Amino acid sequence: MNDLTSSTIIVGQFGRPHGIRGWINVNSYTSDPTALFQFESLSSNSNFFDIFSFQEYTEHGSGFIARVKDVDSREKAEEWKNKYIYVSDKEMPSLGLEEYYWYQLLGLTVQTKQNKDNQILGKVVSIIETGSNDVLVVQGDDNSIDLRERSIPCSKEFLVDVNLDDAIITVAWDPSF
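Going by my numbering, 6 is the number at position 16 of the sequence shown; the sequence numbering is gapless.
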């Protein structure tokens, strides 16, 4: 799995052990929380050196408890405590045209096209999930027109183009907003 063209994505995090038989609390960061348990190859580090899979899981409170294959005691489960859970981006389900994972948009430069000039508004620092449209939180920096933070809805009305190769999102957005 050490594919240098692949990158890793954090999809969850281990919590504290649960009981004495190797169960451990798990927080899923995926939009469908059970999707975390469907990946074939997971890792507890971003270099993908220690690959693991879940043996079983069950809902518990507001999250899950799970057993990692070959972890059968509280002591072994303790070694996983607070570690992040990574997956290769190659294992992520394919998306349709003009659909993007949040991790692909974070850090991209956002520009607005006013007349014929492109004005840089900043970089995507976070994304807010709302009921209707997600919202890009764009923070101005030294390369942008100002240092303001802007919230731009992710809708066809405002998103003109997303170019992952050039790491630029073009929006139809008045820079004074």
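Every residue gets a Cβ at the ideal spot worked out from N, C-alpha and C, and that includes glycine. Remember, predicted model here, so these are calculated numbers, not experimental data.
The C-alpha of Pro143 is placed about 45 Å away from the C-alpha of Lys66. Excluding the 5 residues flanking it on each side, Thr160 has same chain C-beta neighbours closer than 7 Å at Gln101, Lys103, Val150 and Asp151, in chain order. Within the stretch 55 to 109, the complete beta strand (DSSP E) segments of 3 residues or longer fall at 74 to 78 and 99 to 104, listed in chain order. Between Ser18 and Gly2, the beta carbon gap of about 5 Å places them in contact (Cβ cut-off 8 Å). It is roughly 30 Å from the alpha-carbon of Asp131 to the alpha-carbon of Tyr76. For Phe29, the secondary structure class from DSSP, reduced to helix, strand or coil, is coil. According to DSSP, Ser18 shares a beta bridge with Gly2. Cβ-Cβ distances below 7 Å link Gln129 to Gly112, Lys113, Val115 and Glu139 in the same chain, with the five nearest sequence neighbours on each side left out; the list follows chain order.
Look at Thr24 here: in three-state DSSP terms it is helix. A direct Cα-to-Cα measurement between Met82 and Val61 gives close to 26 Å.
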